[in-house]
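So that you can map any letter, position 29 of the sequence shown is 29 in the UniProt record's numbering, and since no number is skipped, the others follow by simple counting.
Just below is one structure, and these are the notes that go with it.
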Amino acid sequence: MNYQMSTFVVESHQEKLERHLLESAILDHEQLSVAKRLQTRQEGPLLMILLQLSFIDIKQFSRLLDWTVRTKLESF
């Protein structure tokens with residue numbers, strides 16, 4: 001897989017995660033916006049940024065990580 005393709009896969013997966021976070025009412029739009037700005041500066045995974053900001057707790061992090069893995073597997 002070339003760089004552009006892998007970048008697209010990551011970006012499209014993050015969009016799914018963002019949509020899931022909003023639709024599940026785990027985050028509101030303002031929290032997501034703050035997290036994405038910090039993610040841009042730190043260049044880290046969104047879930048880690050959310051945990052760092054205390055927007056999610058460790059149990060939510062674990063469930064979201066499981067959701068992320070399932071979603072990635074389903075897309076292959």
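Where a beta carbon is used, it is the ideal one built from N, C-alpha and C, also for glycine.
What you are looking at is a predicted structure, and each value in this text was computed from that prediction instead of being measured.
- Straight-line spacing of the CA atoms in residue 42 and residue 58 works out to 20 Å.
- When 26, 35, 62 are compared, the shortest CA-CA separation from residue 52 is found for 35.
- Taking the CA atoms as reference points, residue 22 sits about 7 Å from residue 29.
- Scanning its chain for C-beta atoms nearer than 6 Å, with the 5 sequence neighbours on each side dropped, one finds around residue 56 the residues 50, in chain order.
- In the three-state scheme derived from DSSP, where H, G and I count as helix and E and B as strand, residue 61 is classed as helix.
- Residue 35 sits in a helix when the DSSP states are folded into three classes.
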